[in-house]
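All residue numbers in the sequence shown are consecutive under the numbering used here, ending with 252.
Just so you know, even glycine gets a beta-carbon here, dropped at the ideal spot from N, CA and C.
This one's a predicted model, so the numbers in the text were calculated from it and none came from an experiment.
To start, the structure under review is shown below, and the notes come after it.
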Amino acid sequence: MRTCAALLLLFCSVAHAEKPKDLLPPPPTGKTWVMIWHDEFAGDALDTNKWNNFYTKQSSVKRHEGWWNWNAVNVDGKGHLVIRTFKDGDKYIGGCITTAGHFEHAFGYYVARIQLQQQPGHWTAFWMTSHGASKVGSGGREGTEIDIMEKPRLSDLVHHTFHWDGYGSEHKMEEHQVNVPGVMKGFHTFALWWQPKEYVFYVDGKQTLRRAGMVCQVPEYLLLSTAVGTWGGDITKAHLPDPFLVDYVRVYDLVDKK
């Protein structure tokens, strides 16, 4: 029979089991990948040294056909960020967190391990942007909204999208839809290798899009969010609350191999 000490050791080793390693693309000759920033969402509270919100505990922000609210965001104590979509009175609530002011970076490999929403009427996203995205005339080089993953529908389609030249009359947009069988089940990784001359997107370590030209050259910050709107279907048909789970977010840089 196993002793109590042995059982406790086994429990602790399982509870603190290492999270999955990322399937990084092969680095160029003479280079290697080094993790420079990450959040594994350990503990029972959001790390406010890494993330902040677009709202305060006392207020909500209108977003599309719903609202962003502090109460939509929590950490579950099992190593996951949880952003819920729920109804509060006559309002549909979602949430958003961002690394703005904490971590802003240019180039590198950005990856999040995510379990998608399961109900219609809202969409989830892992994205990045900068204040320069509102500038017009730079072709996105001084700032681009890069949607590494947007998931508006309960299908196998994943969206990779770019927005630049602001959000007014000069706004430009480029959207790519890729088919990823089984993406609605379980956890999957969504990643971007942002290089000075091109973007390469990945799902579960497999390349889904390569796009060259008009590449952003300035640091950007990361966001994770849910939003309510008809683009995501009919929210009145959803069984709420519906969680959007994030296991981790990691950022890697290329450095010279020693």
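If you reduce the DSSP assignment to three classes, tell me which class H170 lands in.
strand
DSSP on G60, reduced to helix/strand/coil?
strand
What do you reckon, are the CB atoms on V197 and L218 nearer than 9 Å?
no
Going by DSSP, what residue range makes up the beta strand (DSSP E) through K85?
85 to 88
On the DSSP letters alone, give me the boundaries of the beta strand (DSSP E) that F184 sits inside.
181 to 188
Min CB distance Y242 to chain B below 9 Å
The question asks about chain B, but that chain is absent: this structure has only one protein chain.
For H125, three-class secondary structure by DSSP:
helix
Under 8 Å Cβ to Cβ from E98, same chain only, skipping five residues before and after it: list those, please.
S124, P213, E214, Y215
Residues bridged to W158 by DSSP?
K166
Would W61 pass as a contact of V55 if the rule is Cβ separation under 9 Å?
yes
Please state if the CB of W188 and the CB of Y104 are separated by a distance shorter than 9 Å.
yes
Quick check on DSSP: helix, strand or coil for A36?
coil
Name, in chain order, the residues that DSSP records as bridge partners for Q111.
DSSP lists no partner for Q111.
For W45, which three-state DSSP category applies?
coil
Check whether the Cβ atoms of Q111 and F195 lie closer than 9 Å to each other.
no
Name the residue from F80, P19, L203 whose alpha carbon lies nearest to the alpha carbon of L234.
F80
Should R244 go down as buried or exposed, given a rule of 16 or more other Cβ atoms within 10 Å for buried?
buried
According to DSSP, residues forming a beta bridge with N68:
V76
Leaving out five residues before and five after L40 in sequence, what residues of the same chain have Cβ atoms less than 8 Å from its Cβ?
V67, N68, V69, L75, I91
Considering only the alpha carbon of each residue, which of E144, E59, I108 lies closest to D228?
E59
Tell me which same chain residues have a C-beta within less than 7 Å of the C-beta of V28, skipping the five on either side of it?
Y246, D247, V249
In terms of alpha-carbon separation, which member of V222, G199, P190 lies closest to G102?
P190
Roughly how many angstroms separate the alpha carbons of H157 and G37, rounded to a whole number?
35 Å
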